[in-house]
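Trainee: What follows is a single structure, and I will ask about it in a moment.
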Amino acid sequence: MAPIARIAMAVLLFSATFINAAPTATNVDNDAHIAGFSRAVSKAAAGVQLVYKCTVPNTMAITFDDGPFDYTADLVKLLKAKGAKATFFVNGDNNGKITDYAAAVKQAYLDGHQIASHTWDHKDLATLSVSEINAEMTKLDTAIKKIIGVKPTYMRPPYGSINDLVTKTVGAKYTIVIWSQDTNDWQHPTDWKKSYKVYTDKVKKANGKGGDIFLEHETIKLTAQQLAPRAIDYAHSMGWKLVTVGECLGKPKSTWYRS
Ligand SMILES: [Zn+2]
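The sequence shown maps to residues -21 to -1, 1 to 238 in mature numbering (1 follows the signal peptide of the UniProt record, and there is no 0).
Listed below in structure tokens is the structure:
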């Protein structure tokens, strides 16, 4: 399936899940309904914390989902040139197969970016059984370990879609990361300026508090090539340090992975 079609399907799937869960008149706002849905679920699964925002003062995290893909290698070069770190929530078999982009994933890891799980093939985990959920996680862990030598301890559920079973099953082994700001790049993949406006409207000056965790998709060409460089420059100009999700939570690198 083409990248855009996949993302569109993701949104439809997620919207359907949420509307079933809590029909209200405010469901039109994508950020709000995703966050609201996830928070409701997190209460049900006691003891499992979901991550939405950074906690370390003056840090902000840009996250790239759904890769690796054709633009990953250049994006890693760009991040290095601009002195920024990011988090890649990768799939095993989504827009591209991870084995076809192993060099780019390895370079991202070596450069200090965080490699995290976005499941093997981007299924909606809320529709799966415990064994199916575990299979989605372990299959990708094995593939990532072959490339970088370790397995990720952080994950993001596809579509941000979770239920009590997902939260308990995945939360027992992984830090579950949602997001606090969606640039909505999937909504206008041919007009990066709209995403940039969403982004700049939401990035406030660093003020001693932890910043947002931004959702972007590295599988969208204009996100990787036009939005990302400008987003990095803008964050820096506003006094933010762009770091990985682990770092923006104050967690040392040794805890981002397991053997
Ligand atoms: Zn995704």
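Think of the CB as a built atom: it goes at the ideal place given N, C-alpha and C, for glycine as much as any other residue. Predicted model only: the values in this text are computed from it and were never measured.
Once the 5 residues before and after L57 are set aside, which same chain residues still bring their CB inside 7 Å of it?
Mentor: Around L57: A207 and P208.
Trainee: Is it the case that the region 68 to 83 contacts the region 212 to 220, given that we only count it when at least three CB pairs across the two stretches are under 8 Å?
Mentor: No contact exists between the region 212 to 220 and the region 68 to 83.
Trainee: Does the beta-carbon of F67 have 16 or more other beta-carbons within 10 angstroms, so that it is buried, or is it exposed?
Mentor: Buried is the call here.
Trainee: Return the chain-ordered list of same chain residues with a C-beta closer than 6 Å to the C-beta of A1, the five sequence neighbours on each side being excluded.
Mentor: The predicted position of A1 is uncertain, since its pLDDT is 30 and thus under 50; a value taken from the coordinates is nonetheless stated next. Excluding positions up to five away in sequence, the list is empty.
Trainee: If I follow the unbroken alpha helix (DSSP H) through D212, where does it start and stop?
Mentor: From DSSP, the alpha helix (DSSP H) with D212 extends over A207 to S216.
Trainee: For Y88, which residues from the same chain have a beta carbon less than 6 Å from its beta carbon, with the 5 sequence-adjacent residues on both sides left out?
Mentor: For Y88, where only same-chain residues beyond five positions count, the Cβ hits under 6 Å are I94 and I127.
Trainee: For the candidate residues I155, H167, V177 and D161, whose alpha-carbon lies nearest to that of V224?
Mentor: It is I155 whose Cα lies nearest to the Cα of V224.
Trainee: Measuring straight from C-alpha to C-alpha, what distance separates E197 and P168?
Mentor: Each residue's alpha carbon lies about 11 Å from the other.
Trainee: Pull up the DSSP beta-bridge partners for A95, would you.
Mentor: Answer by DSSP bridge pairing, in chain order: F68.
Trainee: Could you give the distance in angstroms between the alpha-carbon of G46 and the alpha-carbon of H92?
Mentor: Cα to Cα, G46 sits roughly 14 Å from H92.
Trainee: According to DSSP, simplified to helix, strand and coil, what is C227?
Mentor: In this structure, C227 counts as helix in the three-state DSSP scheme.
Trainee: Nearest CA to the CA of F43: which residue from L119, V84 and R237?
Mentor: Comparing Cα positions, the closest option is V84.
Trainee: How many angstroms separate the CA atom of T148 from the CA atom of I112?
Mentor: Near 8 Å, if we compare the C-alpha coordinates of I112 and T148.
Trainee: With a threshold of 6 Å on Cβ separation, who are the neighbours of T234 within its own chain once the five nearest residues in sequence on each side are excluded?
Mentor: Answer for T234: no residue qualifies.
Trainee: Should D170 be listed as close to ligand 1, given that the test is whether its C-beta is under 7 Å from any heavy atom?
Mentor: Not so, every heavy atom of ligand 1 lies at least 7 Å from the Cβ.
Trainee: What whole-angstrom Cβ distance do Q86 and V109 have, given they're in contact under 8 Å?
Mentor: Contact doesn't hold; Cβ gap of about 35 Å is too wide.
Trainee: Do C33 and L194 have their CB atoms nearer than 8 Å?
Mentor: Not closer than 8 Å, so no.
Trainee: When DSSP labels each residue in this structure, what does V109 get in the three-state scheme?
Mentor: In this structure, V109 counts as helix in the three-state DSSP scheme.
Trainee: Expressed to the nearest angstrom, what Euclidean distance is found between the alpha-carbon atoms of D90 and K59?
Mentor: Rounded to whole angstroms, D90 to K59 spans 7 Å at the Cα level.
Trainee: Based on the DSSP secondary-structure assignment, which residues constitute the bridge partners of P131?
Mentor: DSSP output for P131 lists Y236 as bridge partner(s).
Trainee: Kindly provide the chain-ordered list of residues whose Cβ lies closer than 5 Å to any non-hydrogen atom of ligand 1.
Mentor: With the cut-off at 5 Å, the residues found are D44, D45 and P137.
Trainee: On a Cα-Cα basis, can you pick out the residue from Y133, A114, S238 and Y50 that is closest to Q205?
Mentor: It is Y50 whose Cα lies nearest to the Cα of Q205.
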